[in-house]
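To start, the structure itself, in structure tokens.
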Amino acid sequence: MFDKFLSKVGIGAAKLDTVLSNPEVMRGEFLTGEIRMMGGKTAQKINQVYLELYTNFKVEYENDYGDEHESTSSFVLHRLNIAEAFTLEAGEEAIWDFEIEVPPYTPITMDYPNVWLRTGLDVSWAWDPKDNDAVCVLADPASERVLAAAEALGFEHAHDSGRCYQMPNPYGAPYVQEFVFHGRGKLANRVEELEMLIAADFEHAEVVMEIDRRNHGMGGWIADEMDLDEHKLKFSLSHEQDFSPQDLEGIILEALG
29 MFDKFLSKVG IGAAKLDTVL SNPEVMRGEF LTGEIRMMGG KTAQKINQVY LELYTNFKVE
89 YENDYGDEHE STSSFVLHRL NIAEAFTLEA GEEAIWDFEI EVPPYTPITM DYPNVWLRTG
149 LDVSWAWDPK DNDAVCVLAD PASERVLAAA EALGFEHAHD SGRCYQMPNP YGAPYVQEFV
209 FHGRGKLANR VEELEMLIAA DFEHAEVVME IDRRNHGMGG WIADEMDLDE HKLKFSLSHE
269 QDFSPQDLEG IILEALG
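If you count the sequence shown from 1, position 87 lands on 115 in my numbering, and the numbers rise without skipping.
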């Protein structure tokens, strides 16, 4: 009886571990691995075993005094049920192989984890064990070409490049991923900052780009104050389409005039 009580509060209960075949996956493809469960000191009724691929994004808001603040919200990209209603006997081992789709609108991983795979158990009247694994999400071909082109031109990622912010996404997610570059390299004299919003599906990527012109002298100061130095444009690129640094340079120079 005492062992059953302890299992309800997580002591001596079933242990859960998820092992990924590869922690790196391109968005739009599948993440694979296996889930391992080991029974505790007593038999437990498991209602469900599930996987959730999720990410976090920033929500900007103003308080009652007009001050700007930021909070973090989570979004489940994909949920997959692994097993339903069974009893795990004391000391019993259960193993499931899994394959879960990584949607094409999943955020690309930069220098910090931003996507996780959560493995959970639904156990009646007991603490629900969970296991979280960071997933490194690689860019789809179109997005990779655009980002690589910017880097090849000498642009450098800002420290917060790749963060996700709350904004309607054309493919159903409640966020967009923003890539911010400082003007460096061969266009450093023309561009102060380059911002990109990239949203992808299985066929192509949509890129919304804002170019902040680097201005000089009094005329530049006036342009800065009046936001005349900002140029916005949009283009799309299929996953099979070539896109070189010269292509991006041409788009930027045409926008700057």
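For each residue, glycine too, the CB sits at the ideal point set by N, CA and C.
The beta-carbon separation of S264 and A177, rounded to 15 Å, does not stay under the 8 Å limit for a contact. If you compare the alpha carbons of H187, D92 and V208 with that of V236, the shortest gap goes to V208. Beta-bridge annotation (DSSP): V165 is paired with V53. G119 sits in coil when the DSSP states are folded into three classes, being neither helix nor strand. Here the C-alpha atom of F103 lies approximately 20 Å from the C-alpha atom of D150. The DSSP-derived three-state label of V130 is coil.
Here the alpha carbon of Y199 sits roughly 40 Å from the alpha carbon of A41. In the three-state reduction of the DSSP assignment, I280 falls in the helix class, which pools H, G and I.
The closest CA to that of I123, considering only T134, N91, Y78 and H106, is found on Y78. Counted as a single uninterrupted DSSP element, the beta strand (DSSP E) harbouring I63 occupies residues F58 to M66.
In the structure shown, the three-state DSSP call for E234 is strand. In the structure shown, A178 adopts helical secondary structure according to DSSP, grouped into three states.
Cβ contact annotation for T147 (same chain, cutoff 7 Å, sequence separation greater than five): L44, T46, I63, L79, K158 and D159, in chain order. Secondary structure of D150 (DSSP, three-state): strand. Measuring C-alpha to C-alpha distances from R173 to each of I74, D270 and L48 identifies D270 as the nearest.
By the neighbour-count definition (other C-beta atoms within 10 Å, threshold 16), Y203 is a buried residue. Residue range E258 to S266 is occupied by the beta strand (DSSP E) that includes K260.
S99 has V87 as its beta-bridge partners, per DSSP. DSSP places K214 in the helix class (H, G or I) of the three-state scheme.
Looking at the DSSP output, E184 shares a beta bridge with H210.
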